[in-house]
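Participant: The opening residue of the sequence shown carries number 1 in UniProt numbering; numbering runs sequentially from there.
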Amino acid sequence: MIRFEQVSVTYGDAPAPAIGGVDLTVPEGELVLLVGPSGVGKSTLLGTVSGLVPHFTGGLLRGRVTVGGRDNRTHKPRELADLVGTVGQDPLAHFVTDTVEDELAYGMESLGLAPDVMRRRVEETLDLLGLAELRDRPIATLSGGQRQRVAIGSVLTPHPRVLVLDEPTSALDPAAAEEVLAVLQRLVHDLGTTVLLAEHRLERVVQYADQVILLPGPGLPPVVGDPERIMAV
Ligand code: ADP
Ligand code: ADP
Numbered sequence: 001m002i003r004f005e006q007v008s009v010t011y012g013d014a015p016a017p018a019i020g021g022v023d024l025t026v027p028e029g030e031l032v033l034l035v036g037p038s039g040v041g042k043s044t045l046l047g048t049v050s051g052l053v054p055h056f057t058g059g060l061l062r063g064r065v066t067v068g069g070r071d072n073r074t075h076k077p078r079e080l081a082d083l084v085g086t087v088g089q090d091p092l093a094h095f096v097t098d099t100v101e102d103e104l105a106y107g108m109e110s111l112g113l114a115p116d117v118m119r120r121r122v123e124e125t126l127d128l129l130g131l132a133e134l135r136d137r138p139i140a141t142l143s144g145g146q147r148q149r150v151a152i153g154s155v156l157t158p159h160p161r162v163l164v165l166d167e168p169t170s171a172l173d174p175a176a177a178e179e180v181l182a183v184l185q186r187l188v189h190d191l192g193t194t195v196l197l198a199e200h201r202l203e204r205v206v207q208y209a210d211q212v213i214l215l216p217g218p219g220l221p222p223v224v225g226d227p228e229r230i231m232a233v
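#1: So, threonine 74 versus glycine 59, is the Cβ gap smaller than 8 Å?
#2: Ends of the beta strand (DSSP E) at glycine 144?
#3: Within a Cβ cutoff of 7 Å, which residues of the same chain sit near glycine 69, ignoring the five residues on either side of it in sequence?
#4: In three-state DSSP terms, what is alanine 171?
#5: Does DSSP put valine 67 in a helix, in a strand, or in coil?
#6: Could you have a look at threonine 125 and say whether DSSP puts it in helix, strand or coil?
#7: Given glutamine 148, which residues of its chain have a CB within under 7 Å of its CB, disregarding the five upstream and five downstream residues?
#8: May I ask you to verify whether the segment 207-227 touches the segment 46-60, counting CB pairs closer than 8 Å and requiring at least 3?
#9: Using three-state DSSP, classify threonine 44 as helix, strand or coil.
#10: With a CB to CB cut of under 8 Å and the five nearest residues on each side skipped, what residues in its chain are close to residue 262?
#11: Of the choices Glu28, Leu191, Pro37, whose alpha-carbon is the least far from that of histidine 200?
#12: Excluding the five sequence neighbours on either side, which residues of its own chain have a C-beta within less than 6 Å of the C-beta of isoleucine 152, listed in chain order?
#13: Among Ala176, Pro17, Leu128, which has the Cα closest to the Cα of glycine 217?
#14: Quick check on DSSP: helix, strand or coil for valine 233?
#15: Is DSSP giving threonine 88 helix, strand or coil here?
#16: Please list the terminal residues of the continuous alpha helix (DSSP H) segment that includes aspartate 226.
#17: Can you list, in chain order, the residues of its chain whose CB lies under 8 Å from that of leucine 196, leaving out five sequence neighbours each side?
#18: How about alanine 81 and proline 15: are their beta carbons less than 8 Å apart?
#19: Around the Cβ of methionine 108, are there at least 16 other Cβ atoms within 10 angstroms (buried) or fewer (exposed)?
#20: To the nearest angstrom, how far is the alpha carbon of valine 188 from that of alanine 182?
#21: Can you check which of these residues, Arg119, Tyr11, Glu178, Gly144, is closest to glutamine 89 by C-alpha distance?
#22: In angstroms with no decimal places, state the Cα-to-Cα distance between isoleucine 19 and methionine 231.
#23: Flag this pair as yes or no: are the beta carbons of arginine 137 and valine 100 separated by less than 8 Å?
#24: How big is the Cα-Cα spacing for arginine 204 and isoleucine 213?
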């Protein structure tokens, strides 16, 4: 579903690329965990999928990134909304409206969907993420785990085939983190969504992963394997 071919990113006048010569395939319908120490290039690699790199970070991208056969290097994040949903660490940075329901509707507005389709997708997403009872709540009054579920919901309404999440549980306590990870697992199993999730705390997430990509250190090639194999590295 996602292919990286000889992908390198270099920022500004940095002496070395942030990621260099990455060749990887992320299979469709799996939850793939991207791990590695801080600064190793996890966000950069995710950014090449979501379109943030090169369009907003100033990173020079070389090589080819394709998602569902579409070349991502030439598309800006908004043009990718029906293919790739992107969620970051801080859900507050993500929100543009006041209430849960408005936030879920917002992501679809630029897609030109019919009003009845938009209404149906809001309902479907509220149910899927267990947010139906919170629909009229101001986002400011929600817990961290609830906010992160709203952030995920807001990128799901265009029905992306791939969901990219950059440390989505890092601001959450363990119980809220579990809430979010359970939702992601349901997306993979029930809808066949491909999930690529970066996290530096391997232990928290590894039990949910089908496959793990380990970035061991700056400039070192990724190590790919099933969770048990990577835990042994
Ligand atoms: P991780 O997500 O694993 O912490 P990053 O992808 O954020 O790693 O960073 C990889 C390297 O690239 C780091 O050395 C970081 O300082 C650098 N970097 C990341 N984003 C930028 C940017 N927008 N401009 C310049 N350097 C950056
Ligand atoms: P429409 O595409 O007209 O909005 P629905 O909202 O009923 O129709 O969804 C159509 C199909 O998409 C359903 O079979 C549903 O299971 C599936 N679906 C629901 N949510 C998602 C999602 N987040 N990503 C991909 N497919 C989804």
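All C-beta atoms, glycine included, are put in the ideal place defined by N, C-alpha and C. Please read all numbers here as calculations on a predicted model, not as lab measurements.
Facilitator: On the basis of the supplied data:
#1: Along the sequence shown, read from residue 1 onward, the residue named residue 74 stands at position 74. Along the sequence shown, read from residue 1 onward, the residue named residue 59 stands at position 59. No, the Cβ-Cβ distance between threonine 74 and glycine 59 is not below 8 Å.
#2: Indexing the sequence shown from 1 puts residue 144 at position 144. No beta strand (DSSP E) contains glycine 144, which is instead part of the alpha helix (DSSP H) from 144-156.
#3: Start at 1 with the first residue of the sequence shown, and residue 69 comes out as number 69. Here the set comprises nothing.
#4: Here the question's residue 171 lines up with position 171 in the sequence shown. Alanine 171 falls in the coil class under three-state DSSP.
#5: The residue you call residue 67 lines up with position 67 of the sequence shown. Here valine 67 sits in strand by DSSP.
#6: Mapped onto the sequence shown, residue 125 falls at position 125. Helix, per DSSP.
#7: As a first step, residue 148 is located in the sequence shown; it is residue number 148 there, counting from the start. Excluding sequence neighbours, glutamine 148 sits near Pro91, Pro168, Leu172, Val180.
#8: With a cut-off of 8 Å on Cβ pairs, the segment 207-227 is not in contact with the segment 46-60, counting fewer than three such pairs.
#9: Residue numbering aside, residue 44 sits at position 44 when the sequence shown is read from its first letter. In this structure, threonine 44 counts as helix in the three-state DSSP scheme.
#10: Residue 262 falls outside the range modelled here, since the chain spans only 1 to 233, and no answer is possible.
#11: Mapped onto the sequence shown, residue 200 falls at position 200. Comparing Cα-Cα distances from histidine 200 to each of Glu28, Leu191, Pro37, the minimum goes to Pro37.
#12: One-based indexing of the sequence shown puts residue 152 at position 152. Around isoleucine 152, the same chain offers Val87 as residues with beta carbons nearer than 6 Å, after the five sequence neighbours per side are excluded.
#13: Residue 217 sits at position 217 when you count from the first residue of the sequence shown. Selected option, being the one with the closest Cα: Pro17.
#14: Here residue 233 refers to the residue found at position 233 when the sequence shown is read from its first residue. Reduced to three states, the DSSP call for valine 233 is coil.
#15: Here the question's residue 88 lines up with position 88 in the sequence shown. Just to set this straight, residue 88 is glycine in the shown sequence, not threonine. Looking at glycine 88 - three-state DSSP - the assignment turns out to be coil, as it is neither helix nor strand.
#16: Within the sequence shown, the letter at position 226 stands for residue 226. No alpha helix (DSSP H) contains aspartate 226, which DSSP labels as neither H nor E.
#17: Here residue 196 refers to the residue found at position 196 of the sequence shown. Excluding sequence neighbours, leucine 196 sits near Ile2, Val26, Val32, Leu34, Leu46, Val49, Val162, Leu163, Val164, Leu165.
#18: As a working mapping, residue 81 is identified with position 81 in the sequence shown. As a working mapping, residue 15 is identified with position 15 in the sequence shown. For alanine 81 and proline 15, no; Cβs fall outside 8 Å.
#19: On the sequence shown, position 108 is the one that residue 108 refers to. Per the 10 Å Cβ criterion, buried.
#20: In the sequence shown, residue 188 corresponds to position 188, counting from 1. In the sequence shown, residue 182 corresponds to position 182, counting from 1. Roughly 10 Å separates the two Cα atoms.
#21: For the purposes of this step, residue 89 is taken as residue 89 along the sequence shown, with counting starting at 1. Comparing alpha-carbon positions, the option among Arg119, Tyr11, Glu178, Gly144 lying closest to glutamine 89 turns out to be Gly144.
#22: Mapped onto the sequence shown, residue 19 falls at position 19. Mapped onto the sequence shown, residue 231 falls at position 231. The alpha-carbon atoms of isoleucine 19 and methionine 231 are separated by roughly 23 Å.
#23: The residue you call residue 137 lines up with position 137 of the sequence shown. The residue you call residue 100 lines up with position 100 of the sequence shown. Yes, the pair counts as a contact, with Cβ atoms nearer than the cut-off.
#24: If you number the sequence shown from 1, residue 204 lands on position 204. If you number the sequence shown from 1, residue 213 lands on position 213. If you take the alpha carbons of arginine 204 and isoleucine 213, they lie about 15 Å apart.
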